[in-house]
Amino acid sequence: MAEQQFNSTLDRAAKRSVSRREFLRFSGIAAAGVALAACMPAGAPAAQAPASGDEAGAESAAAPAAAAGSGVLWGLQYDPHVETYQRLADMFKEKSGFTLSVEPQAWPIETKLIAALAAGTSPDIVCIMGKMCIPLHIQKALMPLKEAVYAANGVNPDMDFIGDGIGAYSWEGDIYGVPTEVNGVGNVVNVPVDDVKALGLDQLYPPTNDQPWFESYESMWELGKALQVEKDGSVERWGLSSKGWDNQSYLGILRTLLSQEGVDWWDNTNKKFNINTEAGVKAMEIYAETPVKMGIETELDQNQIDAALAGKVALARGNGTPAVQGRELGYNYYLAGVPKLLDSAPPLLVGEAGWGFVAPKAAKNPEMAINFLQMMCSEEGQIGYAKIYGGIISAWKGLVGNFSYFADSAEDNPNVMAAKLSQDHLLAQTQYYGENFGYPGEVDGIGGEITSLVRQGKLTAAEAVAQYQERCEAQYKQYLEDVKAVAG
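To convert, count from 1 in the sequence shown and add 2; that's my numbering.
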């Protein structure tokens, strides 16, 4: 969960620092450009500030070419990531004899990679979030891997991986990366179990009633109201905060409601968004409008992680970091799945997946790059990555229920508890956003901005989904123009 918190900090940094002009300059596109990144809440350790476009290009142009028998691996300039890359490089050298030079890059990686491709100084392997690969897919810059890696290893991507990881690297019938992570945002509620027990409510609500999901939104709101703390007519601790990861959370609700009609939030066949619909309005009412009207939620100036770990809210919906890190700060949060919507059926969830590895077509050592990706498309390689942060959920199905690689594999370890909830209940309900709707980061930003306006009372649910749809259609139009510009 710490990984997802940090990822979203990077998403925000990317939107601040990457201009469409910079992207166009590096990619050689002459037409209108590409919005690259999401607008998500901060709250995690900051990465080194990204270099400017010119600096990125200069750094890439100055990168030394890989020597025979050696190669270059790019990844995020963040200590846990760098340690992981070096662990994998050591593993790869032992298995293949190839030497990988780890060259960490400040965020955003995709912009620097585009600059390196233009300069002819491409690395051989890149660790990158799948949802940030759209500009690279448009330029057909990545190696297709369905045959070279998955078939060569005898791996069925639909059977041997879990959750939404494969979806994040899929594009027009092929797979362009090996995922190492699955979704961990928008699908959980952090519950302060000591407070619930003190109120004598532990047998009524998850997870203390041994149920993985809240039975309904009404049930979650009831608990939030019971946990809210007021003094002299003022709220000292709000019952609920869902701020942050709003797009994934909202789209999960919408996807569940639309399933009754046999459609999804994005109809790839008919190239149509289904946000400004009756289901879309209801989803916005459930997610943002109703809890504010009930007086148990408000628009805060920080995301639900920071608010929970500052004692400002009771239930924190969206990201499970409070449960994973809270004990160190004196908070005892446990995780439950988000509420059910349709009778007893678990809800459907929309995920952003996470990090994985790709190989540029312009790699100096393509055979070595494929060999590395084949290593990552195995249990050994997946474990090598999944040791990051003391142990995270791997995208590899063979590791379901295996926590031996965690730094602490005890059953009451927060990382293990979060992993079990995801593996046993959440991931089967999780699907990547979809394909060909535009830029995931851009849509994430739209969702965050719109839902904040609803919490502030500046938009009704109906007005919000109309704007949501309109802005999604606008970014889709821009996406089509970008594709056409590159193709032309």
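C-beta: ideal position from N, C-alpha, C; glycine also. Note that the structure is a prediction, hence the values are computed from the model and not measured.
Pull the bridge partners of Ile127 from the DSSP assignment, please. According to DSSP, Ile127 bridges with Leu75.
Helix, strand or coil for Asp204 per DSSP? For Asp204, the secondary structure class from DSSP, reduced to helix, strand or coil, is coil.
Please report how far the alpha carbon of Ser218 lies from the alpha carbon of Lys342, in whole angstroms. If you take the alpha carbons of Ser218 and Lys342, they lie about 5 Å apart.
Counting along the chain, where does the beta strand (DSSP E) carrying Pro106 start and finish? For Pro106, the enclosing beta strand (DSSP E) begins and ends at 101-107.
Assigned secondary structure, Tyr336 (DSSP; H/G/I helix, E/B strand, else coil): The answer is strand: DSSP assigns Tyr336 an E or B state.
Contiguous beta strand (DSSP E) assignments of at least 3 residues, all confined to the segment 233-269: As far as the segment 233-269 is concerned, its whole beta strand (DSSP E) runs of at least 3 residues are 236-243.
Using a 10 Å radius around the Cβ and a threshold of 16 neighbouring Cβ atoms, would you call Glu220 buried or exposed? Classification for Glu220: exposed.
Between Tyr441, Asn189, Gln230, which lies nearest to Gln250 when the distance is taken from Cα to Cα? Out of Tyr441, Asn189, Gln230, Asn189 has the C-alpha closest to the C-alpha of Gln250.
Rounded to the nearest angstrom, how far is the Cβ of Pro106 from that of Leu78, given a contact under 8 Å? Confirmed, Cβ separation roughly 7 Å.
Could you please give the first and the last residue of the uninterrupted alpha helix (DSSP H) stretch that includes Asn417? First-last of the alpha helix (DSSP H) with Asn417: 416-423.
May I ask which residues mark the beginning and end of the alpha helix (DSSP H) holding Tyr87? First-last of the alpha helix (DSSP H) with Tyr87: 81-98.
The segment 223-236 / the segment 293-302 touching (three or more Cβ pairs under 8 Å): With three or more CB-CB distances shorter than 8 Å, the segment 223-236 counts as touching the segment 293-302.
Over the uninterrupted beta strand (DSSP E) stretch that includes Arg319, give me the two end residues. Its beta strand (DSSP E) spans residues 315-321.
Would the segment 388-399 and the segment 159-166 be scored as touching if the rule is three or more Cβ pairs under 8 Å? Three or more pairs of CB atoms, one per stretch, sit closer than 8 Å, so the segment 388-399 contacts the segment 159-166.
Residues in the same chain with beta-carbon distance under 8 Å from Val128, minus the five sequence neighbours each way, listed in chain order, please. Cβ neighbours of Val128 within its own chain (closer than 8 Å, five residues either side excluded): Leu75, Trp76, Gly77, Ile111, Leu115, Phe359, Val360, Ala361, Pro362.
Under 8 Å: do the segment 191-206 and the segment 322-334 share three or more Cβ pairs, one atom per stretch? Contact holds: three or more Cβ-Cβ distances are below 8 Å.
Note down the Cα distance separating Ala464 from Asp212, rounded to an integer number of angstroms. Computed Cα separation, rounded: 37 Å.
Nearest by alpha-carbon distance to Ile277: which of Ile177, Trp267, Val237 is it? The candidate whose alpha carbon is nearest that of Ile277 is Trp267.
So the candidates are Met222, Asn270, Ala365; which of them puts its Cα closest to the Cα of Met72? The question names Met, yet the displayed sequence has Ser at residue 72. Of Met222, Asn270, Ala365, the smallest CA-CA separation from Ser72 is found for Ala365.
So for Ser396, helix, strand or coil by DSSP? DSSP, reduced to helix, strand and coil, places Ser396 outside both helices and strands of the structure shown, so it counts as coil.
Does the segment 163-183 come close enough to the segment 313-325 to have 3 or more Cβ pairs within less than 8 Å? The segment 313-325 and the segment 163-183 do not touch, with fewer than three beta-carbon pairs separated by less than 8 Å.
Ordered along the chain, which non-local residues of its own chain (more than five positions away) have a Cβ less than 8 Å from that of Val265? Contacts found: Asn276.
Using 8 Å as the threshold, is the segment 410-430 in touch with the segment 333-342, meaning 3 or more CB pairs across them? At 8 Å Cβ cutoff, the stretches touch.
Check Asp176 in the structure and name its three-state DSSP category. DSSP places Asp176 in strand when its eight states are reduced to three.
For Val485, report the span of its alpha helix (DSSP H) as first-last. Boundaries of the alpha helix (DSSP H) around Val485: 463-489.
Just list the residues that DSSP pairs Asp215 with in beta bridges. Looking at the sequence shown, residue 215 is not Asp but Trp. Beta-bridge pairing by DSSP links Trp215 to Gly339.
Burial state of Thr271, where buried means 16 or more other Cβ atoms lie within 10 Å: Exposed: under 16 other Cβ atoms inside 10 Å.
Quick one: residues in its chain with C-beta nearer than 7 Å to the C-beta of Asp269, no 5 flanking neighbours on either side, listed in chain order? Within the same chain, Asp269 has close Cβ partners Asn276.
Under three-state DSSP, which class holds Tyr152? DSSP places Tyr152 in helix when its eight states are reduced to three.
Burial state of Glu291, where buried means 16 or more other Cβ atoms lie within 10 Å: So Glu291 ends up on the buried side.
Could you check where the alpha helix (DSSP H) with Pro159 kicks off and where it finishes? Pro159 -> alpha helix (DSSP H) spans 159-162.
Distance check for Phe405 and Ser411, CA to CA, integer angstroms please. Their Cα atoms are separated by approximately 6 Å.
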